[in-house]
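The opening position of the sequence shown corresponds to residue 44 in the working numbering, with each subsequent residue numbered one higher.
Think of the CB as a built atom: it goes at the ideal place given N, C-alpha and C, for glycine as much as any other residue.
These figures come from a predicted structure and were not determined experimentally.
Have a look at the structure below, then the notes.
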Amino acid sequence: MARESVSIRRRTFLAIVSAGSAVVAGSVTSQLATDRHHTTPVSPMDIDRVYQITRQYYVGPKRDRPPANEAKGTIWEVTDGKQTDTTRRTLSDGDRWITLNIESESKRPGEYYLTPEDGVEGIQDVIDRTGGNVVVRLAPGTYVGSELTLAHGVTLHGSGCNATTIKLKDDANADLITTPDPPRNNVMQCTLRNITFDGNKGNNSAGNVVYGAFWNSRFINCGFHSAPETGFWLAGSTASTDDNYFAGCRFITNRGTGLRGGANKESHPAVGVVRVDTNWFGNNSGPAIVARGNAWRITNAKLYRNAAAQGASIELDRCSYSTVSGCDSYMEHSDRDHVIVRAAEGATSVGNQIKNNDFRGNYRSAIRCVAESNDITALQVRGNTIQSGGNASNGIVAHAENGSFIDCAFTNNVFTGVLTDSKLDLSNGWTSEGNLNAA
44 MARESVSIRR RTFLAIVSAG SAVVAGSVTS QLATDRHHTT PVSPMDIDRV YQITRQYYVG
104 PKRDRPPANE AKGTIWEVTD GKQTDTTRRT LSDGDRWITL NIESESKRPG EYYLTPEDGV
164 EGIQDVIDRT GGNVVVRLAP GTYVGSELTL AHGVTLHGSG CNATTIKLKD DANADLITTP
224 DPPRNNVMQC TLRNITFDGN KGNNSAGNVV YGAFWNSRFI NCGFHSAPET GFWLAGSTAS
284 TDDNYFAGCR FITNRGTGLR GGANKESHPA VGVVRVDTNW FGNNSGPAIV ARGNAWRITN
344 AKLYRNAAAQ GASIELDRCS YSTVSGCDSY MEHSDRDHVI VRAAEGATSV GNQIKNNDFR
404 GNYRSAIRCV AESNDITALQ VRGNTIQSGG NASNGIVAHA ENGSFIDCAF TNNVFTGVLT
464 DSKLDLSNGW TSEGNLNAA
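Below, the structure is given as structure tokens:
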């Protein structure tokens with residue numbers, strides 16, 4: 044018996060959250076094995092929830108639980124047919140099924156475990172039944188479907204962006220992930236984590252990977268890939284679209300823009316306070332980022348071969364108080380720009396900063412500033428390294444069309460290599476000083 048207990052301890056480890064949210068690390072099976080030695084009954088463990096511990100966590104009642112000897116070391120969750128709305132989790136030790144806990148459906152802790160067989164429809168069912176404020180943990184594999192509509196407080200937690208994929212089905216020609224009615228509403232405090240979202244552009248002619256209005260939401264270690272249109276469209280809304288954060292994500296091979304913020308399919312509201320930190324943008328046919336609104340923070344990004352068909356790598360389009368900092372941008376298109384700052388359509392651009400970036404490759408200009416219809420005020424461009432292997436044309440270009448430049452500065456930047464046109468092409472309203480090799 045002791046030898047069996049040791050073996051079980053080595054095989055199965057669980058993370059259990061008990062009542063009061065105290066975390067206990069250990070082995071339920073080991074505890075059960077130890078309990079067999081007691082001569083007096085031991086009160087049942089007060090388990091609040093059981094997280095996914097093994098590689099296979101099955102959710103019923105979509106399929107029958109196999110014999111215990113065929114499912115050693117796995118946990119199955121089933122609905123007890125004799126006890127209405129009761130959920131039972133059981134663990135196989137190879138000989139039998141051991142009950143881990145039983146809980147009333149009305150007291151579910153707000154976590155659900157799904158597998159690829161559940162598909163996008165299964166995820167939607169959980170969101171619809173709970174109304175939001177729920178964690179959905181996704182096993183490895185590919186979940187296929189379209190128009191998964193999120194709600195307040197939904198967390199989708201995958202097993203890793205190289206393990207869990209949510210993919211747009213063939214010929215859907217729709218958005219993969221959405222929120223309800225972006226022109227008028229948003230969803231609050233959503234999280235997408237450790238998932239690849241695949242737009243399947245080879246089998247769809249339209250659709251964004253994500254199109255929705257979010258407030259105070261987090262997008263962590265995800266991939267937004269292969270959209271027929273935009274990888275992630277953070278839509279504007281008459282409700283607040285504010286305080287959103289992207290970290291460790293990949294926006295690659297989208298037919299349009301990688302990450303777009305502001306406007307929506309029906310109207311043109313802006314967004315605010317978008318933090319984009321340490322993300323990868325590569326081989327998007329459109330811009331890597333189109334930022335519209337206030338207080339964007341684009342930091343420490345890698346941008347590689349974007350804007351092949353249109354736009355600039357980063358577009359600050361009617362933005363104010365926004366920053367592009369610490370980015371490494373490589374371009375291979377002689378008619379494209381690394382960064383463009385634009386003031387148009389009644390929106391003045393105020394207080395933006397482009398600082399401490401590396402601009403490399405073949406490009407039309409490192410920074411292009413266009414006061415199209417309104418003024419660009421207090422734009423600061425400083426501390427950047429502008430490199431050329433002989434195939435780049437311009438350093439910074441500033442053109443006033445129907446607007447003007449006010450109190451803008453190009454300072455302490457470094458030029459390396461030969462530009463085929465002009466290092467500095469600045470209009471009135473700019474100061475330039477402290478730049479190395481600018482002559």
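Boundaries of the beta strand (DSSP E) harbouring E476: W473 to E476, taken from the DSSP string. Distances from the CA of C362 to each of V314, A111, Q353 and A355 were compared; the closest alpha carbon is that of V314. Taking the C-beta atoms as reference points, G196 is found no nearer than 7 angstroms to G162.
In this structure, the beta-carbon distance from S416 to G446 falls below 7 angstroms.
Excluding sequence positions up to five before and after K308, its CB lies less than 6 angstroms from no other CB in the same chain. A direct Cα-Cα distance of roughly 8 angstroms separates A414 from V384. Boundaries of the beta strand (DSSP E) harbouring G404: D401 to A414, taken from the DSSP string. Taking a cut-off of 8 angstroms on C-beta distances, the segment 214-222 does not touch the segment 179-186, as fewer than three cross pairs fall below it. Secondary structure at D224: coil, using DSSP grouped into helix, strand and coil. In this model, F448 and N478 are separated by some 20 angstroms (Cα to Cα).
Annotation for Q430: no alpha helix (DSSP H) segment contains it, though the beta strand (DSSP E) segment containing it runs T428 to Q430. Comparing C-alpha distances from T221 to each of G433, L277, K115 and R335 shows the shortest one belongs to L277.
The straight-line gap separating the alpha-carbon atoms of N246 and R298 is approximately 13 angstroms. Ranked by Cα distance from R236, the first of Y288, T273 and G165 is Y288. Of all alpha-carbon atoms in T239, N243, A249 and P223, the one lying nearest the alpha-carbon of G255 is that of P223.
With fewer than 16 neighbouring CB atoms inside 10 Å of its own CB, T474 falls in the exposed class. For the set D285, G274 and G184, the Cα lying nearest the Cα of G201 is the one of G184. Excluding five sequence positions before and after T234, the CB atoms of its chain that fall closer than 8 angstroms to its own CB belong to V197, T198, L199, H200, S260, R261, F262 and I263, given in chain order. Nearest to I439 by alpha-carbon distance, out of A481, G433 and I419, is A481. The beta carbon of E164 sits closer than 7 angstroms to the beta carbons of G188 from its chain, once the five residues preceding and following it are set aside; these are given in chain order. In the structure shown, D136 adopts coil according to DSSP, grouped into three states. Contact check for G369 against N343 passes: the beta carbons are separated by less than 7 angstroms. Apart from the 5 residues on each side of it in sequence, F267 sits with its Cβ closer than 6 angstroms to the Cβ of F240, V252, G274, F275 and F294 in its chain, given in chain order. By alpha-carbon distance to Q423, the top candidate from Y364, A435 and V457 is Y364. At a cut-off of 3 residues, the continuous stretches assigned as beta strand (DSSP E) that sit fully inside the segment 304-378 are 314-320, 323-325, 332-342, 345-347, 357-363 and 366-368.
Straight through space, the alpha carbons of A114 and T173 are spaced by roughly 30 angstroms.
The bridge partners DSSP lists for Q167 come to none. A Cβ-Cβ separation of about 7 angstroms places L219 in contact with I209 under the 8 angstroms criterion. Taken in chain order, the whole alpha helix (DSSP H) runs of length 4 or more contained in the segment 256-295 number zero.
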